[in-house]
Amino acid sequence: MNIIKSLSLPLMLCGALMAPLTAMANSCPYFCSESIASDYDFAMTIDNMEESIREGINESVKIVKPVYDSRVRSYLRTYIELQPRYTEEMIGRAEIYFPLFEKYLEAYNMPTDLKYMAIVESGLRPLATSPVGAAGMWQFMRPTGRQFGLRITQYIDERRDPEKSTEAAVKYLKQLYERFGSWELAMAGYNAGPGRVNSAIRRSGTNDYWELQRYLPRETRSYVPGFIAANYLFNHYTKHKLVPKRPHSDLLNTSVVRIYEGMSFTDINSATGVKMSTLRILNPMYSRRYIPQSVIGYQLQLPTMAAAILMAHLGIKEEDLSKYTETLLPVITGADLAFKEQTVMRNYRVKSGDNLYRIAQANACSVNDLMRWNHLNSSNLRIHQRLNIQVTERVAVYPDITSRKMDPIATLPSLFEIGITLPEFKVTHPSTCYKPTRRLELPENAIVLKRRMSVADAIRLNSEDTTSDVTKASFKRAMPGYVVVLED
1490 MNIIKSLSLP LMLCGALMAP LTAMANSCPY FCSESIASDY DFAMTIDNME ESIREGINES
1550 VKIVKPVYDS RVRSYLRTYI ELQPRYTEEM IGRAEIYFPL FEKYLEAYNM PTDLKYMAIV
1610 ESGLRPLATS PVGAAGMWQF MRPTGRQFGL RITQYIDERR DPEKSTEAAV KYLKQLYERF
1670 GSWELAMAGY NAGPGRVNSA IRRSGTNDYW ELQRYLPRET RSYVPGFIAA NYLFNHYTKH
1730 KLVPKRPHSD LLNTSVVRIY EGMSFTDINS ATGVKMSTLR ILNPMYSRRY IPQSVIGYQL
1790 QLPTMAAAIL MAHLGIKEED LSKYTETLLP VITGADLAFK EQTVMRNYRV KSGDNLYRIA
1850 QANACSVNDL MRWNHLNSSN LRIHQRLNIQ VTERVAVYPD ITSRKMDPIA TLPSLFEIGI
1910 TLPEFKVTHP STCYKPTRRL ELPENAIVLK RRMSVADAIR LNSEDTTSDV TKASFKRAMP
1970 GYVVVLED
């Protein structure tokens, strides 16, 4: 929400917007290894495509004036020419976060194009932190975050929670739009604060953003152009031969488990085999990688298969499932599960009083290992220096449950033990018996009913031939997590 005010525009674009570029490019925990490489043509520069870009902006940008000026051009040059690989990763992350943004924007009757503001704010990085302390994808400062109901404690920072921070940002934007009456001014108010926008209106004698912008802070004058550039980019990146990097499936197929007892990410990794980097991406709100004890419970997001493993590890009984999750999970047994060890590099920041011997002892390695991993010529360290430390993680080898052939009779009870998550699909007719074809084999007489329906209700509905009434209510858009039962 707040960006350094002393930066020039080109430096702001490459610095504040793209802050952790190098780290992200080196680690890339978001993306699957088989992502398609782009065939970027450096001859297709911004300067050579001016007319096409102008047409694309006029076509795509709806909620603000579709201006194409030097500031928009600078943003696009950074995205497309200077940092195309980073941009491909950012577009890939949209597959994770844009559906969430759209859900809340639609719920509050707001234009879904506002989702592109998160590109300007953070590049879709929940762990982003600005030099002035704004945090999360929507870059809330602490006071504003608390004003809109976000908890900020020593263990939890909900400014980094994708779901809660998105709802808070949508509420704030709605309030700003109702106050100023234009999306340009609402965006300026989001970035600089409503007080500065009011001051600019008074000094300029107009409420036209493009007329009063010279009275706004420097980075706020570039905020709406940044939004226009992001809007164009996400609608026309194929023109520039950019290929989004597809996120790993563990980040797309997830379930939420409610945790009541204190649990560290290390405990969760040991129980489920989910990589620490994946846990951090899915649960960025836990500042110390620890979920504190709570009588109301805290949400933990996991890959769906891992959520089922954790439930089994915690010994959750079937009758208690609704207390821990509303998601229907695959049935996991000990025979299904195996683990493998995987070597990864962790980052360690040197603190006051550290030396190589102490760091080696704490990480079960030798001084020679540390020097080899970090190409050190001497044992001298400096405070805040970053060291690579090789560690071994326990990674789950998930069973290929979704490819198993299911016996219609034997499967019915097990499906209701914990349930099974379906890929999204559409049903062509309310009363049609439908067989999903994507990744899950089911009997021909399988149908889908409302989630969390009891076995008794499912049997009654099937026997009383009232299925069509249920399907008319629930088949408008069948979502992952509906219960599969069998029709007689």
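The numbering of the sequence shown is my numbering, which starts it at 1490 and goes up by one. Even glycine gets a Cβ: it sits at the ideal position worked out from N, Cα and C.
Separation of V1856 and M1834 (C-alpha to C-alpha, rounded to the nearest whole angstrom) is 16 Å.
CA-CA distance, K1764 to S1868, rounds to 31 Å. Per the DSSP secondary-structure output, Y1775 pairs in a beta bridge with I1645. The beta-carbon distance between I1569 and A1719, rounded to whole angstroms, is 12 Å. This is too long to meet the 8 Å contact definition. V1556 sits close to I1717, with the two beta carbons spaced by under 8 Å. A direct Cα-Cα distance of roughly 19 Å separates I1770 from T1642. In the structure shown, S1619 falls within a coil segment according to DSSP collapsed to helix, strand and coil. By the C-beta criterion, the stretch 1786-1805 is judged not to be in contact with the stretch 1656-1667, since fewer than 3 inter-stretch pairs fall below 8 Å.
For L1594, the enclosing alpha helix (DSSP H) begins and ends at P1573 to A1596. If you draw a straight line from the Cα of P1736 to the Cα of N1863, it is about 29 Å long. Pairing E1584 with L1705 gives a Cβ-Cβ distance that is not under 8 Å. Between Y1779 and Y1644, the gap from beta carbon to beta carbon is short of 8 Å. Counting C-beta pairs closer than 8 Å gives three or more between the stretch 1606-1625 and the stretch 1572-1584, which meets the contact rule. When DSSP assignments are scanned along the stretch 1853-1882, the uninterrupted stretches of alpha helix (DSSP H) that are 4 or more residues long and fall wholly within it turn out to be 1856-1863. At a Cβ-Cβ threshold of 8 Å, A1851 and D1858 do not count as neighbours. Y1837 is bridged by DSSP to L1876. Under the 10 Å beta carbon count, K1653 is surrounded by 16 or more other beta carbons and is classified as buried. Nearest to R1747 by C-alpha distance, out of R1703, A1657, M1626 and Q1782, is Q1782. Around the beta carbon of Q1628, a 10 Å sphere encloses 16 or more other beta carbons of the protein chains shown; the residue is thus reported as buried. Across the set V1686, R1685 and C1854, the C-alpha of C1854 shows the shortest separation from the C-alpha of I1878. Here V1550 has I1717 and N1720 as same chain residues with Cβ atoms under 6 Å from its own Cβ, once five neighbours each way along the sequence are excluded. Between the alpha carbons of T1832 and D1739 lies a distance of about 19 Å.
Looking at the DSSP output, T1709 shares a beta bridge with no other residue. Secondary structure of R1747 (DSSP, three-state): strand.
Q1572 and I1580 have their C-alpha atoms roughly 12 Å apart. For Q1788, the uninterrupted beta strand (DSSP E) segment begins and ends at Y1787 to P1792. At a Cβ-Cβ threshold of 8 Å, L1701 and S1711 do not count as neighbours.
Taken atom to atom, the span from the alpha-carbon of E1548 to that of D1650 is near 33 Å. In its chain, beyond the 5 residues on either side, G1545 have a beta carbon closer than 6 Å to the beta carbon of H1725. As the crow flies, the alpha-carbon of A1675 is around 6 Å from that of F1669.
Around the beta carbon of T1534, fewer than 16 other beta carbons lie within 10 angstroms, which makes this residue exposed. The three-state reading of DSSP puts S1549 in helix, counting H, G and I together. For L1565, the enclosing alpha helix (DSSP H) covers residues S1559 to L1565. Residue burial is scored here from C-beta neighbours: G1634 has at least 16 other C-beta atoms within 10 angstroms and is therefore classed as buried. Measuring C-alpha to C-alpha distances from V1659 to each of D1646, R1640 and Y1679 identifies Y1679 as the nearest. Between Q1874 and the set N1844, V1686, N1772 and P1792, the nearest pair of CA atoms involves N1844.
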